[in-house]
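From first to last, the protein sequence lines are chains E, G, U and Z. Take 1 as the starting number for the first sequence in this note's numbering and just add one per residue. Take 1001 as the starting number for the second sequence in this note's numbering and just add one per residue. Take 2001 as the starting number for the third sequence in this note's numbering and just add one per residue. Take 3001 as the starting number for the fourth sequence in this note's numbering and just add one per residue. Take a look at the structure set out below.
There are 4 protein chains.
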Amino acid sequence: MIMIIKQGTLPEQIEELRAEVISWGLQPQEIKGESTFMLGLVGDTSQVSEEALMRYSCVERVMKVSEPYKLAGRRFHPDDTVVEINNRKIGGGSFAVIAGPCSVESEDQILSVAHDVALSGAQFLRGGAFKPRTSPYSFQGLGLEGLELLKVAREKTGLPIVTEIMSPEYVDVFIEDVDVIQIGARNMQNFPLLTEVGRTGKPVLLKRGPSCTIDELLMAAEYILYAGESQVIVCERGIRTFETATRNTLDLSAVPVIQEKSHLPVIIDPSHGTGHSSLVPSMALAAVAAGADGLIIEVHNQPEKALCDGPQSITPIVFDHLMKQINCLREALMTEDGGLDDGNAEPFRRTA
Amino acid sequence: MIMIIKQGTLPEQIEELRAEVISWGLQPQEIKGESTFMLGLVGDTSQVSEEALMRYSCVERVMKVSEPYKLAGRRFHPDDTVVEINNRKIGGGSFAVIAGPCSVESEDQILSVAHDVALSGAQFLRGGAFKPRTSPYSFQGLGLEGLELLKVAREKTGLPIVTEIMSPEYVDVFIEDVDVIQIGARNMQNFPLLTEVGRTGKPVLLKRGPSCTIDELLMAAEYILYAGESQVIVCERGIRTFETATRNTLDLSAVPVIQEKSHLPVIIDPSHGTGHSSLVPSMALAAVAAGADGLIIEVHNQPEKALCDGPQSITPIVFDHLMKQINCLREALMTEDGGLDDGNAEPFRRTA
Amino acid sequence: MIMIIKQGTLPEQIEELRAEVISWGLQPQEIKGESTFMLGLVGDTSQVSEEALMRYSCVERVMKVSEPYKLAGRRFHPDDTVVEINNRKIGGGSFAVIAGPCSVESEDQILSVAHDVALSGAQFLRGGAFKPRTSPYSFQGLGLEGLELLKVAREKTGLPIVTEIMSPEYVDVFIEDVDVIQIGARNMQNFPLLTEVGRTGKPVLLKRGPSCTIDELLMAAEYILYAGESQVIVCERGIRTFETATRNTLDLSAVPVIQEKSHLPVIIDPSHGTGHSSLVPSMALAAVAAGADGLIIEVHNQPEKALCDGPQSITPIVFDHLMKQINCLREALMTEDGGLDDGNAEPFRRTA
Amino acid sequence: MIMIIKQGTLPEQIEELRAEVISWGLQPQEIKGESTFMLGLVGDTSQVSEEALMRYSCVERVMKVSEPYKLAGRRFHPDDTVVEINNRKIGGGSFAVIAGPCSVESEDQILSVAHDVALSGAQFLRGGAFKPRTSPYSFQGLGLEGLELLKVAREKTGLPIVTEIMSPEYVDVFIEDVDVIQIGARNMQNFPLLTEVGRTGKPVLLKRGPSCTIDELLMAAEYILYAGESQVIVCERGIRTFETATRNTLDLSAVPVIQEKSHLPVIIDPSHGTGHSSLVPSMALAAVAAGADGLIIEVHNQPEKALCDGPQSITPIVFDHLMKQINCLREALMTEDGGLDDGNAEPFRRTA
């Protein structure tokens, strides 16, 4: 950390600041110019916040040198984390697709979609039982009944289930029933929920908030890791920008950026990322080419009748075709010339 | 609501759509051009979502005509809501200032600040007991002990207390101890929390999420109103943009926009809105001139020692001077020529 | 176009409005509900602006039904435009890579890079002679001397040259010397320049402004098309958002969106789009998978000595490896199962 | 400037970097920790760009300590610049209002509006002769004929005229005819135009680009100052964000931020800043309270017939009432307790 000291600061003030910094176990080092004076803090600064330093009236600005996350960062964990659920792996070269409807609507619906996506090669089933909706007048999900239907679908298809938790009160039920607990974008900074979920011992799928930076996403992951859970998958699902042609702007560069900064697997949600079913396949393929560790895709047997997010859901037929394309693409990327996983690819992949 | 129908749609498809719409109690009316065909839906469309209509494959686009909120909107509630707590009013011409530290740190601190802001004329005391922090390593607030200290401060100064709730599990304690329950920006779309808090019978201060539109803020207020609570104050506290000179970009035009759209009182938080204490007074005065119904301002007796948000906290001395300026400004705005509250002001204030 | 009429509007006012609209050659059609009244305008509304209608005090809101661009839109030009320069094609299934340094610095530099990228398979050479720089103290380009060096490089390698024009005064020189005239992101809405360049008879590469919507990009293309030039390539190069991990946020979904809306070829600039050379290859591959018609990539023989944009320039070695990957990827996408160009791919590509 | 050196950098590489830095007349100073190594550059770094340093492969990151602008910054010019035109001052405590129609449409129109705003107390007349329009089909302004009409209006009312230049080719005409040359938001980074206008010897009104940061605005001003012109007024006119309730989001905090960073006068455009005439008066008053040095406001005698920007134009009657309110507000702010200009106000105003 570097502190820029204000012009006109008295030597006594600097002395006081130095003493304080030393009392924190850090070592201050000076850079002096004609019109600038800086103090560099050497040592373990992970517990020191910028704002703690900004409180001193002689400090003009504080600049961070290293990332604020320790557990989520690659610096102390150079190897990729591989999340493994029922022998299905995500991360470290393993790729997985999570598919299913936005929300569980009925036994027929969830069984039909689960069956279809399993046949096409999806490794996980998604489906919302509790739905965060902008309007109190919209369908809010089937709740516990929805969880029961997901369990039936898991039994019939063998697909592990991924579903969203919205409130700490349901943590016990989720521990019992669910394979991967999803934290939705709107709850990315619901810190009590992150902590509760981090204590369950269950793998977590953490979605990026639509106006959160990548660093904030990794700090939210840090909450979960700090609470004890190491199996965390992060998901880019579109950020909020001025563009209105798409529901969100899918930030695909988050894939290589997160892979540089963190060891956690990162997946892409092209459904929320675009909001239009016609855009989902191209963005899914782009995510694969960008090196994502997986995808989460909304599939509905009758998008025009969906109670939620119909316009961004693709049909099982489109999904089936897309899965074939994904496999074809991954194969191409893994062959010698284009190999994402061989040594040649290193220059433009992870920097670890 | 208007539906644009895709070119090449068959008459049967349109017939099916018309039948469906009629079954919802709505009346479809047609607009036909050479290359365009639209259906306007007449009737109570508040329960009809855009996406419900987008599901139909023959629908190209849906355009809303009226706002999606009924309870929060001015259309059916033309008169301003006046929130009243212990004889202090906010809204409908009444102006109030909520002041205090970002977080409660000790009995000395909160009593000292409470005493100072009361003397300067603040009507409410703010102070966080539970703090949402980006990093798990930052100070998380004193929790229940913080609430106790706020109660002591209330007893000594007579100021009603405003403090943030982060999790439904504390609702009962807040009902008992707190005068105004604050929903923080990060929880603006924590829908289970909105509903729980809306059932407490306590006035609510709802902060706008940093990447939420004004319509989404009013939809979040709608959740609280729908759950039963009518005493809701909304607060603009800065939105996230590309500009980095300020912590957030304070959207002051939200004041007249919200006053046009809604009957709820709207206040401004210049502390989070700017992130720098040197900018707080000018933005507070600007908020008054813009017609805000109140302010919430962070005041700390020793900003350089604050455990949270020190850089944006002003001292009691600066606050005292600011309160004098605010009063002077409000007086000027209420005199004949510049009167915000007289008939002449109407052309540029509320449209109700 | 639909006009929502304000509540309380008098019948005479509506009559006046109807008469006006009819005088423009349009036909007004009514939609009447209990609390809403709308007028739909049927006919050729391409010359009618929203604001022209908003001027009427009885109009609450105007909603556009069709896009404002006629020449750039797909509606009246369903077939892809193929831009062809010296037998090299972009668009309509043809893919091309434009590569070279950010700016021309010396004869050695441009010849060396031109030679390398030609060998690796690039179809065009890029290089800035006139450079728009945020600071007046930064290198501003070699100007006319830079153009001369580009011509030498073209002669030696056979690669047509693409370079940016910044001011109408150089139009004549560009007509003489350049193969594709580039309009940079900062000049996307420099309307006199768009018009001047549209009159040159030269193909144009138009870059999206960092805070311009896709519709605004297509309107800027409309200026060029309206001035007479039909050979226009549009380029997505990252938009400005709150995220700071990348220089811009590359909006890859612009590729399928533009392909739905417009017949013009669309290419991607992963160099400006990310700002970091380590991210360029993954985003280039992602662009190919998303269906882009081409790429423009910054390549420098000594990025650490580059006078401009060194951090986002890749070396000729990395570029060569990337070109192999791109070819491998395109081949995979064109084979039967994953074929971007066969009939099966239609559901998720262009809607024309 | 601080350079963070990558882990694993060899001593020789650092030595080479040190030598290079010394060859630029700078002095490198080291900060060494267990896992970090930094070089601070001491001396005049105003000509050193971040990217020049980022080119070295051993440099992980570069952090600026001081602002990149010398002429526009307050550091070397602590006193406010006061722009003076025909005895009318802006800046340094002097406040001025520029008013008039978006575009000059006819002699009757411009004379009528000019007469009205002069009577209400405006100090300058605005009016566009050359109009940058998103669509080639919109009214593009009267061009040179518009300039002539502005001159007539100036002669009749005595108001100096402010109008926008769009292309360097008209610089000579503007020198002859215009009192203040406006650079519009879309041309804020049209660097050849900035330089040309900076050489005219005419005062310049520079508008902030809708997606440009305050630092970029001041760098654009630096171009003009560097070209020779010292009379520069900067103008905040709304930035582009995700919010759609307003045309732009007016960033009022730019007023105190710019006043801290720069000595140039800063004015506010509440018309473009909001896009709705009903919001203009509250934002104009807010700008005054925030300490702006002036306002630029669109006034039209018949907004519903305006050829451009009618929805955001206020009528002469509303303008007249607003001017009375502004005067009343400024008086209140200048009296003892609320005085913006007395010593007490210092803590929250300019830091110079």
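Ideal Cβ positions, reconstructed from N, Cα and C, are used throughout, including at glycine.
Going straight from the alpha carbon of residue i to that of residue j, what length do you get?
i                       : j                       : result
residue 2033 of chain U : residue 1226 of chain G : 26 Å
residue 2293 of chain U : residue 2085 of chain U : 14 Å
residue 1149 of chain G : residue 1107 of chain G : 6 Å
residue 2325 of chain U : residue 245 of chain E  : 31 Å
residue 2242 of chain U : residue 2025 of chain U : 45 Å
residue 2012 of chain U : residue 2003 of chain U : 16 Å
residue 3255 of chain Z : residue 3265 of chain Z : 9 Å
residue 236 of chain E  : residue 15 of chain E   : 46 Å
residue 2089 of chain U : residue 2100 of chain U : 18 Å
residue 147 of chain E  : residue 1231 of chain G : 35 Å
residue 2279 of chain U : residue 1073 of chain G : 46 Å
residue 2218 of chain U : residue 2069 of chain U : 7 Å
residue 1269 of chain G : residue 1125 of chain G : 14 Å
residue 3111 of chain Z : residue 1185 of chain G : 49 Å
residue 98 of chain E   : residue 127 of chain E  : 10 Å
Classify residue i as buried or exposed, calling it buried when 16 or more other Cβ atoms lie within 10 Å of its own Cβ.
i                       : result
residue 2215 of chain U : buried
residue 1007 of chain G : exposed
residue 1271 of chain G : buried
residue 305 of chain E  : exposed
residue 87 of chain E   : exposed
residue 1059 of chain G : buried
residue 152 of chain E  : exposed
residue 2205 of chain U : buried
residue 3287 of chain Z : buried
Cβ of residue i within 7 Å of Cβ of residue j?
i                       : j                       : result
residue 250 of chain E  : residue 228 of chain E  : no
residue 173 of chain E  : residue 163 of chain E  : no
residue 220 of chain E  : residue 2285 of chain U : no
residue 1224 of chain G : residue 1252 of chain G : no
residue 240 of chain E  : residue 1211 of chain G : yes
residue 77 of chain E   : residue 263 of chain E  : yes
residue 3083 of chain Z : residue 3192 of chain Z : no
residue 310 of chain E  : residue 1051 of chain G : yes
residue 196 of chain E  : residue 160 of chain E  : no
residue 317 of chain E  : residue 299 of chain E  : no
In this structure, does DSSP put residue i in helix, strand or coil?
i                       : result
residue 103 of chain E  : strand
residue 1310 of chain G : helix
residue 3007 of chain Z : coil
residue 117 of chain E  : helix
residue 94 of chain E   : strand
residue 1126 of chain G : strand
residue 1064 of chain G : coil
residue 2324 of chain U : helix
residue 338 of chain E  : Residue placement at residue 338 of chain E is flagged as unreliable, the pLDDT there being 42, under the threshold of 50; the coordinate-derived value follows with that caveat. Three-state result, residue 338 of chain E: coil.
residue 3026 of chain Z : coil
residue 3283 of chain Z : helix
What are the complete alpha helix (DSSP H) segments, minimum 4 residues, inside the stretch 2134-2210 of chain U?
Here the runs fully enclosed are 2144-2157, 2171-2177 and 2191-2198.
Residue ranges of each beta strand (DSSP E) run of no fewer than 3 residues wholly in the stretch 2066-2090 of chain U, ordered along the chain?
Fully enclosed beta strand (DSSP E) runs of 3 or longer: 2083-2085 and 2088-2090.
Secondary structure, alpha helix (DSSP H): runs of 4+ residues fully inside the stretch 199-264 of chain E:
You should have 214-226 and 254-261.
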